[in-house]
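Chains as they are written, first to last, in the numbering used here: chain P, 1 to 125; chain V, 126 to 364.
Glycine is no exception: its CB is placed at the ideal position from the N, C-alpha and C atoms.
Encoded as structure tokens, the structure appears first; notes follow it.
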Amino acid sequence: MSDSNKNTTRMINISYDRINQISNGSAEFPIRMIELYLEDFSTYLEQFIDAWTGQDANEVRRMAHKMRSPAGTIEVSEISTLLERAEGIDTIASTDTLCDDLGAAYQLVELQLVKKLNDLKKNNG
Amino acid sequence: MLNCIVIDDDRTAREMLKQCISITDTLCLTAEYESAIAAKQAADLENIDLVFLDVEMPMMTGIDFMQNFRDLPPIILVTSKKDYAFEGFENDAVDFIVKPIKYPRFLKAVEKAKLFKRRTQESLASEVADVERQHIFVKSDQDMKKVWVDEIIYLEAFGDYVRIYLENERVTVLTTLKGIFDQLPIERFMQVHRSYVVQIEKITRVEAGNTVILNDQSVPLSRSKKNELKERIMLYQSR
């Protein structure tokens with residue numbers, strides 16, 4: 001199995017406990033939160049990658065901080081751990097794979113969230 | 126019910142807070158803002174009981190917001206960084222919630238805000254009551270003594286002295302009856318005899334034999350003052 005195939009079949013642990021705890025029976029709330037996550041996180045990730053590519057450690061830290069809130073709301077510990085590391089970064093080493101790791105993790109999360117979103121919408125009629 | 130607003134530049138955090146507020150019976154969301162500046166410009170802060178405030182926001186941080194504006198409603202800081210806790214409390218934040226928000230912790234912060242509001246109201250009520258409560262200062266021995274007007278039952282003149290009968294004590298003052306009577310609110314006190322001034326509110330009975338009873342103590346009533354006293358009691362009752 002190639003590395004890319006391994007990657008696409010890997011499942012990332014996502015917890016919806018925090019959202020379910022306050023959804024109070026609302027079917028719309030989890031849908032809205034997943035949609036928001038997908039919209040915002042992908043935008044933030046683009047800005048993060050730009051900052052990383054431009055070796056702008058300040059902006060990397062700022063974006064990492066900004067991304068931690070949505071990453072924690074829909075609990076994806078793998079992404080939260082990467083962001084926590086990014087928030088503490090002083091300089092960006094060319095050998096550091098943090099940005100690539102984050103992008104790859106998000107790709108998987110995105111796939112899983114889109115599937116979850118479709119299921120929720122289907123169940124909601 | 127606490128009227129509250131949310132100030133956070135992050136949509137996800139705003140949605141989480143809005144949902145937490147919507148499922149909490151004692152809270153009512155009146156508005157949400159993407160920045161502290163927008164909130165300050167648009168929000169009617171006088172009618173807000175509670176603010177959920179993010180710290181790291183562009184242009185003006187939550188801490189700047191707290192430092193730059195006076196008479197803000199109670200504030201609960203909501204942020205991803207624990208580092209702001211000290212600064213937040215230094216600026217009188219009621220509580221500090223770390224994102225991502227957990228509902229039990231949210232509720233705990235709301236309870237703190239409610240307690241804060243209740244204590245503030247009680248403290249204000251007590252201040253107002255103290256301001257409304259009148260007092261006089263009298264010279265007793267070598268000291269100046271504060272006497273609460275509402276505690277005075279009656280005054281008795283004897284020789285060069287006046288004895289002030291209070292609810293729990295007596296104070297003897299070297300002065301004239303007129304000297305003290307002039308300091309007291311005229312609508313509440315009446316001279317019923319050349320040696321006695323009574324607080325109308327404290328009268329429990331006016332006896333046929335020209336005696337006024339106050340707290341089981343009797344004071345003589347001049348015949349010439351009898352009708353006036355009846356009128357004053359009626360007037361007092363009608364207030």
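Query - DSSP-derived helix/strand/coil call for M315/V - result: When DSSP states are grouped into helix, strand and coil, M315/V belongs to the strand group.
Query - Chain-ordered chain P contacts of I148/V [CB-CB under 7 Å] - result: Ordered by position in chain P, the residues that pass the 7 Å Cβ test against I148/V are I22 and N24.
Query raised in the report: Sorted by chain position, which residues of the same chain lie with C-beta nearer than 7 Å to P345/V's C-beta, five sequence neighbours on each side aside?
Result: H318, Y321, N335 and T336
Query raised in the report: Taking the Cβ atom as the reference point for each residue, do Y376/V and E326/V lie within a distance shorter than 8 Å?
Result: Not covered by the structure: residue 376/V. The range shown for chain V is 126 to 364.
**Report entry** The beta strand (DSSP E) enclosing D266/V, as first and last residue numbers
**Finding:** Per DSSP, D266/V lies in no beta strand (DSSP E) and is assigned neither H nor E.
Report task. Using a Cβ-Cβ cut-off of less than 7 Å, list which residues of the region 71 to 96 of chain P approach chain V; keep chain order. Result -> G72 and T73
Query raised in the report: For S109/V, which residues of its own chain have a beta-carbon under 6 Å away from its beta-carbon, when the five flanking residues on both sides are left out?
Result: Residue 109/V is absent from the model: chain V starts at 126 and stops at 364.
Requested in this report: Kindly indicate which residue of S94/P, I34/P and L45/P has the alpha-carbon position closest to the one of L113/P.
Outcome: I34/P
Query raised in the report: For W52/P, which beta-bridge partners are listed by DSSP?
Result: According to DSSP, W52/P bridges with nothing at all.
**Report entry** Straight-line Cα distance separating L339/V from I277/V
**Finding:** 11 Å
Query raised in the report: Could you give the distance in angstroms between the alpha-carbon of I146/V and the alpha-carbon of I201/V?
Result: 13 Å
Query raised in the report: Tell me the DSSP bridge mates of P345/V?
Result: T336/V
Query raised in the report: Which same chain residues, not among the five before or five after T151/V, have their C-beta less than 8 Å away from its C-beta?
Result: Counting only Cβ-Cβ distances below 8 Å, and skipping sequence neighbours, we find M126, L127, V235 and K239.
Query raised in the report: Just curious, the alpha helix (DSSP H) that T300/V is in, first and last residue?
Result: Per DSSP, T300/V belongs to no alpha helix (DSSP H) and is neither H nor E.
Query raised in the report: Is I305/V helix, strand or coil by DSSP?
Result: helix
Query raised in the report: What is the rounded straight-line gap between the Cα of N123/P and the Cα of A27/P?
Result: 9 Å
Query raised in the report: Looking only at its own chain, which residues have a Cβ that is under 6 Å from the Cβ of Q144/V, when we skip the five neighbours before and after it?
Result: Only residues of its own chain outside the window of five on either side were considered, and among them none has a CB closer than 6 Å to the CB of Q144/V.
Report task. Write down the C-beta distance between E75/P and R32/P rounded to the nearest angstrom, noting that I regard them as a contact closer than 8 Å. Result -> Not a contact, Cβ separation roughly 17 Å.
Query raised in the report: Run through DSSP, which three-state label would V323/V get?
Result: strand
Query - Candidates M269/V, T300/V and N293/V: closest to E281/V by CA position - result: T300/V
Report task. Drop a sphere of 10 angstroms on the beta-carbon of K121/P, count the other beta-carbons inside from all chains shown, and report buried for 16 or more, exposed for fewer. Result -> exposed
Query raised in the report: Should S2/P be labelled buried (16 or more other beta-carbon atoms within 10 Å of its own) or exposed?
Result: Note on S2/P: pLDDT 47, under 50, position unreliable in the model; no value is reported.
**Report entry** Three-state class that DSSP yields for T186/V in the structure shown
**Finding:** Assignment of T186/V by DSSP, reduced to helix, strand and coil, places it in the coil class.
**Report entry** Other residues of its chain near M182/V: CB distance less than 7 Å, five sequence neighbours each side excluded
**Finding:** D134, S160 and A161
Report task. Decide if L354/V is buried, meaning its Cβ has at least 16 other Cβ atoms within 10 Å, or exposed. Result -> buried
Report task. Would you list, in chain order, the members of the region 175 to 200 of chain V that have their beta-carbon closer than 8 Å to a beta-carbon of chain C? Result -> Absence of chain C from the displayed structure is noted, the protein chains being P and V.
Query raised in the report: Which residues share a DSSP beta bridge with V223/V?
Result: T204/V
Query raised in the report: Does any residue of chain P bring its CB to less than 8 Å from the CB of S160/V?
Result: no
Query raised in the report: When the Cβ atoms of the region 207 to 222 of chain V are set against those of the region 164 to 172 of chain V, are three or more pairs found closer than 8 Å?
Result: No contact exists between the region 207 to 222 of chain V and the region 164 to 172 of chain V.
Report task. Please classify M315/V: is it buried, with 16 or more other beta-carbons within 10 angstroms of its beta-carbon, or exposed? Result -> buried
Query - DSSP three-state assignment for V109/P, whether helix, strand or coil - result: Reduced to three states, the DSSP call for V109/P is helix.
Query raised in the report: Okay, do the region 55 to 63 of chain P and the region 78 to 98 of chain P touch, 3+ Cβ pairs below 8 Å being the bar?
Result: yes
Report task. Report all residues from its chain with a CB closer than 6 Å to the CB of P199/V; omit the five preceding and five following residues, and keep chain order. Result -> L175, V219, A238 and F241, listed in sequence order.
Report task. Can you tell me which of Q107/P, M67/P, L83/P and N24/P puts its alpha carbon nearest to the alpha carbon of Y228/V? Result -> Per the Cα distances, N24/P.
Query raised in the report: Less than 8 Å separating the beta-carbons of V263/V and I289/V?
Result: yes
Query raised in the report: What do you reckon, are the CB atoms on K207/V and V180/V nearer than 8 Å?
Result: no
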